[in-house]
Amino acid sequence: MVCDESDGTKGYSSNKEAPFISVLDTHNKELIGKVSMPYGSEELAISPKGNRVYIPSPCLLGDYKEEQPTLSIINTETDKIIKTKSFSDLITPVHVTNDGKVLVGHTRFQNKNGERTRSMFSPAPGYVSILDGESLNMLGTIEVDLLPITMRSSTDGTVGYVSNLRSGTISVLDLVNYKNVHTIEVDPGDRNADPSVNQGAHGIAYIER
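When the count follows this note's numbering, it moves up by one through the sequence shown with no breaks and lands on 595 for the last residue.
Okay, structure coming up:
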């Protein structure tokens with residue numbers, strides 16, 4: 387969930403398999419609207435000015451993985467979708483830096499016998515697309531580890547952090563030169579064990595020191 391940072395009275399929540407984004411009145415604690423998202427959604431993000439919300443679809447779970455991966459932009463004044471951008475690989479997290487860059491994390495799948503497995507337990511290395519927040523033009527891409535699931539960035543927007551669920555790692559990204567500069571092992575687990583029991587690396591918080 388994210389809140390409109392202009393006054394914090396309006397929030398937006400993605401709902402995984404549910405076919406809509408919830409629009410919330412955080413002051414009165416009530417649902418005030420829905421934005422159609424037929425194939426579900428993953429972690430969304432809001433622009434620094436609070437005027438745009440960026441939503442990835444489809445949901446990574448359920449029966450929607452074969453749908454076209456799409457990033458949608460909602461205008462927070464009208465709660466309408468004003469722009470979309472399609473991708474070839476599924477989008478898991480989205481994050482917006484303080485200087486307005488949009489980070490889009492992508493999950494790839496392994497190919498077996500000429501076909502993609504579409505299994506969350508055997509993904510291929512993912513990558514991050516860096517977009518201009520207004521035009522959605524591509525600024526660069528950076529390779530990361532298996533199943534990027536959460537992203538955060540430094541206050542000045544120059545460093546990105548990506549948790550990779552199946553690798554159990556954090557990728558540290560240079561968002562100026564668009565490079566993967568470091569990998570932090572968090573919970574790599576036993577790759578020979580049942581993959582469903584390894585949590586890996588999931589949520590992240592960034593605290594300025």
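Glycine included, C-beta positions come from ideal geometry on N, C-alpha and C. It should be emphasised that the depicted structure is a prediction, and the values quoted were computed from it without experimental measurement.
Contact annotation: I477 and I467 have beta-carbon atoms that are not nearer than 8 Å.
Proximity of the region 517-530 to the region 472-490 meets the contact definition, three or more beta-carbon pairs being nearer than 8 Å. Counted as a single uninterrupted DSSP element, the beta strand (DSSP E) harbouring E416 occupies residues E416 to S422. For N401, there is no enclosing beta strand (DSSP E), as DSSP marks it with neither H nor E. Residue pairing by DSSP places K396 opposite D411 in a beta bridge. Taking C-beta separations shorter than 7 Å and ignoring five residues to either side along the sequence, the partners of D411 in its chain run T395, K396 and I418, following chain order. Per DSSP, reduced to three states, the secondary structure at S553 is coil, with no helix or strand assignment.
Inter-residue distance for E463 and R438 is about 9 Å (C-alpha atoms, whole angstroms). The Cβ-Cβ distance between R494 and P509 falls below 8 Å.
Under the three-state reduction of DSSP, E571 is assigned to strand. Taken through DSSP and simplified to helix, strand or coil, E529 comes out as strand. Taken atom to atom, the span from the alpha-carbon of V548 to that of H492 is near 11 Å. With 16 or more other CB atoms across the displayed protein chains lying within 10 angstroms of its CB, R552 is buried.
In this structure, H481 is the residue among V545, A587 and H481 with its C-alpha nearest to the C-alpha of P442. In this chain, the beta strand (DSSP E) harbouring T536 covers P534 to S539. If you look at K466, you'll find it in the beta strand (DSSP E) that goes K466 to S472. Distance from the CA atom of S515 to the CA atom of D475, rounded to whole angstroms, is 11 Å. In the structure shown, V558 falls within a strand segment according to DSSP collapsed to helix, strand and coil.
The closest CA to that of M537, considering only G546, P511 and Y398, is found on G546.
Excluding the 5 residues flanking it on each side, E453 has same chain C-beta neighbours closer than 8 Å at Y425, S443 and P444, in chain order.
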